[in-house]
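Student: As given, the protein sequences belong to chains C and E, one line each in that order.
Numbering follows my numbering, with no gaps: position 63 of the first sequence is 70.
Numbering follows my numbering, with no gaps: position 92 of the second sequence is 895.
Glycine included, C-beta positions come from ideal geometry on N, C-alpha and C.
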Amino acid sequence: MAQSKSVAVRNLYNSFAAKLLGYIHEVVQDKQVAEQYLQAVFNDVPNEIEELSKTGVNALCRLQVMARQKLADFFETFDNETDRRAWQNMSWVNNKHIALMTPLQQQVFLGVYYQCKTTSHIAKELNNSEEQIRKTLKECFTIIRNERNNERVH
Amino acid sequence: MKEYIDSGILEVFVMGAATDEEVRELMYMKAKYPEVDEALKQLETDMERIAGNMAIAPPPGIWDKIENEIDDLIRRDTYTAQPVKFRTDHGHNGYERSVPPDQFISIESESNHMRLHKSWRWVFAAVFVLGKIFLGFAIYFYLENRQTQQQLQELKTEIRELKKK
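1) Flag this pair as yes or no: are the beta carbons of Leu144/C and Glu814/E separated by less than 8 Å?
2) So which residues on chain E does Lys61/C lean against when the C-beta distance must stay under 9 Å?
3) Can you tell me which of Asn157/C, Glu146/C, Val40/C and Asp80/C puts its alpha carbon nearest to the alpha carbon of Gln122/C?
4) So, using beta-carbon positions, are Gly63/C and Ala854/E closer together than 8 Å?
5) According to DSSP, is Ser124/C helix, strand or coil?
6) Using the Cα positions of Pro904/E and Glu42/C, report the straight-line distance between them to the nearest angstrom.
7) To the nearest angstrom, how far is it from the Cα of Lys835/E to the Cα of Glu806/E?
8) Just reading off the alpha helix (DSSP H) that Asn948/E is part of, what are its end residues?
9) For Lys859/E, does the three-state DSSP call read helix, strand or coil?
10) For the alpha helix (DSSP H) that contains Tyr831/E, what are its first and last residues?
11) Would Gln112/C and Lys868/E qualify as a contact pair, given that the criterion is a beta-carbon distance under 8 Å?
12) Just curious, the alpha helix (DSSP H) that Ala41/C is in, first and last residue?
13) Considering only their Cβ atoms, is the gap separating Cys68/C from Met850/E smaller than 8 Å?
14) Looking at the C-beta of Asp809/E, does it have a partner C-beta in chain C at a distance below 8 Å?
15) At the level of alpha carbons, what is the spacing between Val839/E and Asn65/C?
16) Determine, using beta carbons only, whether Leu67/C comes closer than 8 Å to chain E.
17) Judging by CA-CA distance, which residue of Lys12/C, Leu19/C and Val119/C is the nearest neighbour of Leu70/C?
18) Taking only beta-carbon positions, decide if Pro837/E is within less than 8 Å of chain C.
19) Against chain C, does Ile812/E count as a neighbour if the rule is that its beta carbon must be under 8 Å from one of theirs?
20) Could you tell me the distance, in whole angstroms, from the CA atom of Ile808/E to the CA atom of Met73/C?
21) By the criterion of Cβ-Cβ separation under 9 Å, what are the contact partners of Asp849/E in chain C?
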């Protein structure tokens, strides 16, 4: 039983560790810290293995949610608003998808995708309706999808 | 249905930001309407693409650490997830980690196993080698001492015989 659990975790690691490490690194911008978070996420995988193995569950999305929950603590370590703003400005220059988004779309996408914020939280922050924030989030995915389709054409 | 898909709920769901009620509703819609299922699958593919673009291969040692931890957790079988907190020092490329309570060895722990840092193996190896050397010396000096005692005994016997003569 223990052996099969270990094998299942290993399979998930082989399939998704690189993608998850890349995602975490985008957030923390530090190789060592990113690796520690990756380890922390996979240490919790045995507890979630049944959920992750269910039919219809996208394992990568689920692992990203687990990573986001852990990364919520990372954002708590920011000492002040300056740290927070520095983080928001530093890491997205090289991300081609995010570069194509409007400032509002970037705020929404970064908030949900990287900072684990709910849409209602962002709506409050930006003094906007939650409905509008959700539509903006959808637009972000449309941009990413269009970009992908363009890449295919070229 | 289009309105439901266009509302952005699917995007919120794949990012894990949907409420429990929204998740239940979405599961129902997904099961009932194939177009919702299809849209969700497409979104998950998008998420995989985004993640694929930023993928970084983890260094080889990471899996060993995870495997050790998992094996240990399975052995202990009393595992409860602890919150972890890592952070950068903002530009110095270092990190700090708050130590979760379960990293200490509990003296009254039910487990019979104790975890040690790998660097201790060199200490144990050195103690083992030194032990062997001392054992070798002890045997050598014991044998030599025994031989000397025998020689001394022989000499004493010879002296006694000479005195008799």
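Tutor: Judging by the given coordinates:
1) What you label residue 144/C is simply residue 137 of the first sequence in a count that begins at 1. What you label residue 814/E is simply residue 11 of the second sequence in a count that begins at 1. Yes, the pair counts as a contact, with Cβ atoms nearer than the cut-off.
2) Walking along the first sequence from the start, residue 61/C turns up at place 54. Residues of chain E passing the Cβ test: none, with the nearest at roughly 12 Å.
3) Translated into the one-based positions of the first sequence, residue 122/C becomes position 115. With distances taken between Cα atoms, Gln122/C lies closest to Asp80/C.
4) Taking the first residue of the first sequence as position 1, residue 63/C is located at position 56. Taking the first residue of the second sequence as position 1, residue 854/E is located at position 51. Not a contact, by the Cβ cut-off of 8 Å.
5) For the purposes of this step, residue 124/C is identified with residue 117 of the first sequence, where counting begins at 1. Per the sequence shown, the amino acid found at residue 124/C is Lys instead of Ser. The answer is coil: DSSP assigns Lys124/C none of H, G, I, E or B.
6) In the second sequence, residue 904/E corresponds to position 101, counting from 1. In the first sequence, residue 42/C corresponds to position 35, counting from 1. Reliability fails at Pro904/E, whose pLDDT of 41 lies under 50, so the model's placement of it is uncertain and no value is given.
7) Here residue 835/E is taken as the residue at index 32 of the second sequence, counted from 1. Here residue 806/E is taken as the residue at index 3 of the second sequence, counted from 1. Whole-angstrom Cα-Cα distance: 16 Å.
8) By 1-based counting over the second sequence, the position of residue 948/E is 145. Asn948/E -> alpha helix (DSSP H) spans Trp923 to Lys967.
9) Within the second sequence, residue 859/E is the residue found at index 56, counting from 1. According to the sequence shown, residue 859/E is Ile rather than Lys. Ile859/E: coil per DSSP, three-state reduction.
10) Reading the second sequence from its first residue, position 28 is the one you call residue 831/E. First-last of the alpha helix (DSSP H) with Tyr831/E: Asp823 to Lys835.
11) Numbered from 1 along the first sequence, position 105 holds the residue referred to as residue 112/C. Numbered from 1 along the second sequence, position 65 holds the residue referred to as residue 868/E. Against a cut-off of 8 Å, the Cβ pair of Lys868/E and Gln112/C comes out as no contact.
12) In the first sequence, counting from the first residue as 1, residue 41/C sits at position 34. It spans Lys38 to Ser60 - the alpha helix (DSSP H) in which Ala41/C sits, taken as one unbroken run.
13) Start at 1 with the first residue of the second sequence, and residue 850/E comes out as number 47. Start at 1 with the first residue of the first sequence, and residue 68/C comes out as number 61. Yes; because the gap between Cβ atoms is below 8 Å, this pair is in contact.
14) Taking the first residue of the second sequence as 1, we reach residue 809/E at position 6. By this cut-off, Asp809/E is an interface position.
15) Start at 1 with the first residue of the second sequence, and residue 839/E comes out as number 36. Start at 1 with the first residue of the first sequence, and residue 65/C comes out as number 58. For Val839/E and Asn65/C, the distance between alpha carbons rounds to 15 Å.
16) The count along the first sequence starts at 1 and reaches residue 67/C at position 60. It does; some Cβ of chain E falls within 8 Å.
17) Position 63 of the first sequence, counted from the start, is the residue given in the question as residue 70/C. Among Lys12/C, Leu19/C and Val119/C, the Cα nearest to that of Leu70/C is on Leu19/C.
18) Walking along the second sequence from the start, residue 837/E turns up at place 34. No, Pro837/E does not count as interfacial toward chain C.
19) As a working mapping, residue 812/E is identified with position 9 in the second sequence. Closer than 8 Å: yes.
20) Start at 1 with the first residue of the second sequence, and residue 808/E comes out as number 5. Start at 1 with the first residue of the first sequence, and residue 73/C comes out as number 66. Taking the straight line joining both Cα atoms gives about 25 Å.
21) Position 46 of the second sequence, counted from the first residue, corresponds to residue 849/E. Ordered by position in chain C, the residues that pass the 9 Å Cβ test against Asp849/E are Phe148, Ile151, Arg152 and Arg155.
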